[in-house]
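1 is the number of the first residue of the sequence shown in the UniProt record's numbering; add one for each residue after it.
We put the CB at the ideal spot given by N, CA and C, even for glycine.
See below for the structure under consideration.
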Amino acid sequence: MAKHHKTEKTLVEKMLDKAGITYVPYEFPTEEVGDVAQLEVDHLDVPEHRIYKTLVLTGNKTGPVVGVVPLDRHVDYKKLSKVSGNRKVGMVPLKDLVKTTGYEHGANTPIGIHERHKYPIFISQEAENQQQMIVSAGKVGRSVGIDPKVLADFVDARFADIATQD
1 MAKHHKTEKT LVEKMLDKAG ITYVPYEFPT EEVGDVAQLE VDHLDVPEHR IYKTLVLTGN
61 KTGPVVGVVP LDRHVDYKKL SKVSGNRKVG MVPLKDLVKT TGYEHGANTP IGIHERHKYP
121 IFISQEAENQ QQMIVSAGKV GRSVGIDPKV LADFVDARFA DIATQD
């Protein structure tokens, strides 16, 4: 398993504590790729399919919309458009990410984004039947393992068919 951290809790972890939500803290190795930090997927002790990335897109009708999909999958723009009530969606440009979410690339978290902005959040339907999914704790390299149904309830998210493997 990933190393459990003994460092100061992130704001997301403090929010979960305050809400009385059980989670498992994780710390993952990261590497700098250009201007952004990314997980070192070759050095993970947890299957990539249990780790979820939080992607921020913008819809032509709703504005920002959040898709949460496994690390080994991609968000399907057509599927996310349909479930979110948009005709089309596209990724928020990297230069606008912090302004849109408050988080840098690699640290976006559905928990913090919901707390700050209340954007619509959609979680890949495969998470619904898992005992635990791992999402960012709001800091690069820091994550939390949480019951997907508890997470969805906490951030007012919907489970939907939004992921693709290609």
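Are residue i and residue j touching if we call contact CB-CB under 7 Å?
i, j, result
"V64", "T109", "Correcting the residue identity first, residue 64 is Pro in this sequence and not Val. No, these two residues do not count as a Cβ contact at 7 Å."
"I113", "Y119", "yes"
"L80", "K53", "no"
"I146", "Y26", "no"
"A160", "V83", "yes"
"P148", "E128", "yes"
"I121", "V150", "no"
Under DSSP, the alpha helix (DSSP H) around residue i begins and ends at which residues?
i, result
"I113", "110-117"
"E13", "11-19"
"T100", "97-101"
"L151", "148-154"
"Y77", "77-84"
By DSSP, does residue i sit in helix, in strand, or in coil?
i, result
"A107", "coil"
"T164", "strand"
"V36", "Summary for V36: the model assigns pLDDT 48, below 50, so the residue's position carries little reliability, and this model does not support an answer."
Within a Cβ cutoff of 6 Å, which residues of the same chain sit near residue i, ignoring the five residues on either side of it in sequence?
i, result
"N60", "N86, R87, K88"
"T10", "A137, G138, K139, R142"
"residue 176", "With the chain running from 1 to 166 in the structure shown, residue 176 is simply not present."
"I51", "L71, I134"
"G102", "R116"
Tell me which residues share the same chain as residue i and place their Cβ nearer than 8 Å to its Cβ, disregarding the 5 neighbours each side in the sequence.
i, result
"V75", "L55, L57, G67, V69, I162, A163, T164"
Over what stretch of residues does the beta strand (DSSP E) that includes residue i continue unbroken?
i, result
"residue 168", "Limits of the chain in this structure are 1 at one end and 166 at the other, which puts residue 168 out of reach."
"K139", "133-139"
"E27", "24-27"
"V68", "63-70"
"V89", "89-91"
Can you find a heavy atom of the ligand SAM that lies under 6 Å from the Cβ of residue i?
i, result
"G90", "In terms of ligand content, the structure shown is empty, and the ligand SAM therefore cannot be addressed."
Leaving out the 5 sequence neighbours to the left and right, which residues in its chain are closer than 7 Å to residue i when beta-carbon positions are compared?
i, result
"M15", "I111, E115"
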